[in-house]
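The block underneath contains the structure these notes are about, expressed in structure tokens.
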Amino acid sequence: MRFKLWPRSSQGYSTSELGLDSLLAAIKAKRKLQKLKIRDNQTQREVEIALGKAVYSGLEFNRLTGHKDGVWGVDISNDGQTLVTASWDHSLKLWQQNGKLLKTISGHKNRVYKVKFSHNNQLIASASVDRTVKLWTFDGEPLRTLNTNKPVYDVTFSPDDQILIAATGNDLQIWTVEGKLLKTLEEHDAEVYDVEFSNNGQFFLSSSKDKTIKLWNKNGQLLKTFRDHNNTVWK
């Protein structure tokens, strides 16, 4: 019953013209439906209808332009006031929510795939195929570079902001934010494209071109491998 609140909520948002809230609610409902593998046709129809309404009735709030190549990563600060984007043009850009460009951040020597704010809004981490993770202050000043020796496709902070996990080629690397490499995890058989911590910081998940999702504890012990996908798992 709790699950069915999502499409109802999304439809309500749509009629009140809260386009972004509607879209987010519908996407969450769709993801939960897929995760729980619910087969109820009525529930599936409600979610699909809500998602369609959210997509087609959503109003564009702003458009950020300025990168010279594809934008592959974006994140928003916890206070909702600042955005950061990562591009194949080798740069990051900081923006105000209203679309004003605050700063262009240079330093990477190749395509930048992902960028994340720390939860405490003190740091920014960027992942690049130049084989580095770069740490920046919140206002975009360079702090330190983590040399991974492999292309980096994603990076994420632990909830306490003390640990970074980088998706480096086929591996995962666990670092402290001070720049110490703690562990390298080599259980994936192809490129790792996404890594995410659980909200309580006790676990993390990785997804890969090897068609698997792997569940780990916070210390890097592999707990389970999910093999139901037939192709690359991007997220």
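Note that the sequence shown covers residues 1 to 235 in UniProt numbering.
We treat Cβ as the ideally placed atom computed from N, Cα and C, and that holds for glycine.
Cα-Cα, which of 189, 136, 163 is closest to residue 169?
189
Using 8 Å for Cβ pairs, my map puts residue 129 next to residue 113. What's the rounded Cβ distance?
7 Å
I want to know whether the stretch 133-143 touches the stretch 180-187 - three or more CB-CB distances under 8 Å.
no
Tell me whether residue 176 is buried or exposed, calling it buried when 16 or more other Cβ atoms sit within 10 Å of its Cβ.
exposed
Drop a sphere of 10 angstroms on the beta-carbon of residue 232, count the other beta-carbons inside from all chains shown, and report buried for 16 or more, exposed for fewer.
exposed
Within the continuous beta strand (DSSP E) that includes residue 175, where are the two ends?
171-176
Going by DSSP, what residue range makes up the beta strand (DSSP E) through residue 155?
152-157
Does residue 75 come out as helix, strand or coil in the three-state DSSP assignment?
strand
Quick check on the burial criterion: 16 or more other C-beta atoms within 10 angstroms. Buried or exposed for residue 165?
That one is buried.
I'd like the list of long-range same chain contacts for residue 70, defined as Cβ closer than 6 Å, with 5 residues on each side in sequence excluded.
88
Just list the alpha helix (DSSP H) runs in the stretch 88-116, keeping only unbroken ones of 4 residues or longer that don't cross its boundaries, in chain order.
As far as the stretch 88-116 is concerned, it has no whole alpha helix (DSSP H) run of at least 4 residues.
Run the CB neighbour count on residue 73, radius 10 Å, all protein chains shown included, and call it buried at 16 or more, exposed below.
buried
Going by C-alpha distance, which of 194, 220, 219 is nearest residue 212?
194
The beta strand (DSSP E) with residue 203 in it runs from where to where?
203-208
With the cut-off set at 9 Å, would you say residue 91 and residue 106 are in Cβ contact?
yes
Can you give me the Cβ contacts of residue 85 inside the same chain, cut-off strictly under 6 Å, excluding the 5 residues immediately before and after it?
71, 74, 93
When you compare only the Cα positions, how much space is there between residue 103 and residue 67?
12 Å
With which residues is residue 195 paired in a DSSP beta bridge?
206
Anyone know if the C-beta pair for residue 191 and residue 209 falls short of 9 Å?
yes
Under the rule that 16 or more other beta-carbon atoms within 10 Å means buried, what is residue 202, buried or exposed?
exposed
I need the DSSP call for residue 128, collapsed to helix, strand or coil.
strand
On the DSSP bridge assignment, give the partners of residue 137 in chain order.
Answer is 123, bridged to residue 137.
For residue 233, which three-state DSSP category applies?
DSSP places residue 233 in coil when its eight states are reduced to three.
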